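Chains as they are written, first to last, in the numbering used here: chain X, 1199 to 1310; chain B, -10 to 103. The structure appears right after this line, and notes come after that.
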């Protein structure tokens, strides 16, 4: 079953604008991760935020985590056409196997 | 550093036929994962290996799917017999250990069952 649910399902913006994607999940987590998937390719790890962290930055990426609301957001600033991809949140609930459970993803289109 | 390798990249078969996918993880990575990604959805974990042992196969349809990692390095996922609903991308990923939280994904094998 899918743990995370991304919102919106699809997002279309112009180059230079900011893009915000949200993820909600159901059970307690050890950490939450965001991955990017370009069309026809595998997933690439972007950023990880732990359950005791509230915000994290990496280059043009900013991730927030609100464990009380069981939600996270991914902000991409100054978007580029090359950012066009699907973005997935994945939750890690810890346990013995550190399994990742992925959401359905947000398809981001950045128009030049 | 070479990434996760998968082959074939594409496969078209008819229902009830058999198919096998191969994955070679990043060198030294002890943990290997197989995911199924149906169009429009996120990846779903099918099976997780730690070296040559199975850690989690709770979502693997064991009546038709099997996987092995005999020497703790590369792995094979098999479907026998295939059904129409098996059409998906099969992704292989690896991590240094099961505790290492970042997973590295291969390009995937796109399977179409007719």
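No residue lacks a Cβ here, since even glycine has one placed at the ideal position from N, Cα and C. Quick caveat, the model's predicted, so the values are computed rather than measured.
Between residue i and chain X, is there a C-beta pair that is closer than 8 Å?
| i | result |
| --- | --- |
| residue 88 of chain B | yes |
| residue 94 of chain B | yes |
| residue 91 of chain B | yes |
| residue 32 of chain B | yes |
| residue 109 of chain B | Outside the shown range of chain B, which is -10 to 103, sits residue 109 of chain B, and nothing can be said about it. |
| residue 52 of chain B | no |
| residue 25 of chain B | no |
| residue 6 of chain B | no |
| residue 46 of chain B | no |
Just how far apart, CA to CA, sit residue i and residue j?
| i | j | result |
| --- | --- | --- |
| residue 39 of chain B | residue 52 of chain B | 22 Å |
| residue 1227 of chain X | residue 1268 of chain X | 9 Å |
| residue 62 of chain B | residue 1298 of chain X | 21 Å |
| residue 1248 of chain X | residue 1230 of chain X | 6 Å |
| residue 1208 of chain X | residue 1300 of chain X | 16 Å |
| residue 3 of chain B | residue 1265 of chain X | 46 Å |
| residue 1215 of chain X | residue 1280 of chain X | 13 Å |
| residue 6 of chain B | residue 54 of chain B | 12 Å |
| residue 12 of chain B | residue 1241 of chain X | 15 Å |
| residue 1212 of chain X | residue 46 of chain B | 43 Å |
| residue 16 of chain B | residue 1253 of chain X | 33 Å |
| residue 1199 of chain X | residue 32 of chain B | For residue 1199 of chain X, the predicted structure reports a pLDDT of 47, less than 50, and the residue's modelled location is therefore unreliable. The matter cannot be settled from this model. |
| residue 48 of chain B | residue 1282 of chain X | 31 Å |
Hey, residue i and residue j are a contact pair by Cβ (cut 8 Å); roughly how many whole angstroms apart?
| i | j | result |
| --- | --- | --- |
| residue 102 of chain B | residue 67 of chain B | The Cβ separation is near 14 Å, so there is no contact. |
| residue 96 of chain B | residue 1239 of chain X | 6 Å |
| residue 58 of chain B | residue 21 of chain B | 6 Å |
| residue 77 of chain B | residue 93 of chain B | Between residue 93 of chain B and residue 77 of chain B the Cβ distance is about 20 Å, and since that is not below 8 Å, they are no contact. |
| residue 88 of chain B | residue 1223 of chain X | Not a contact, Cβ separation roughly 21 Å. |
Could you have a look at residue i and say whether DSSP puts it in helix, strand or coil?
| i | result |
| --- | --- |
| residue 63 of chain B | coil |
| residue 1276 of chain X | coil |
| residue 103 of chain B | coil |
| residue -4 of chain B | strand |
| residue 1208 of chain X | strand |
| residue 1 of chain B | strand |
| residue 1203 of chain X | strand |
| residue 20 of chain B | strand |
| residue 6 of chain B | coil |
| residue 1223 of chain X | coil |
| residue 85 of chain B | coil |
Could you check whether the Cβ of residue i sits closer than 8 Å to any Cβ belonging to chain B?
| i | result |
| --- | --- |
| residue 1260 of chain X | no |
| residue 1257 of chain X | no |
| residue 1302 of chain X | yes |
| residue 1234 of chain X | no |
| residue 1230 of chain X | no |
| residue 1306 of chain X | no |
| residue 1263 of chain X | no |
Determine, for residue i, whether the minimum Cβ-Cβ distance to residues of chain A falls below 8 Å.
| i | result |
| --- | --- |
| residue 1296 of chain X | Protein chains X and B are contained in the structure displayed, whereas chain A is not. |
Problem set entry | Uninterrupted beta strand (DSSP E) stretches inside the segment 27 to 83 of chain B (no shorter than 3 residues) | 33 to 39, 42 to 45, 54 to 57 and 64 to 68
Exercise. In the segment 1242 to 1287 of chain X, which residue ranges form an unbroken beta strand (DSSP E) of at least 3 residues, counting only runs that do not cross its ends?
Worked result: 1253 to 1256, 1259 to 1264 and 1269 to 1274
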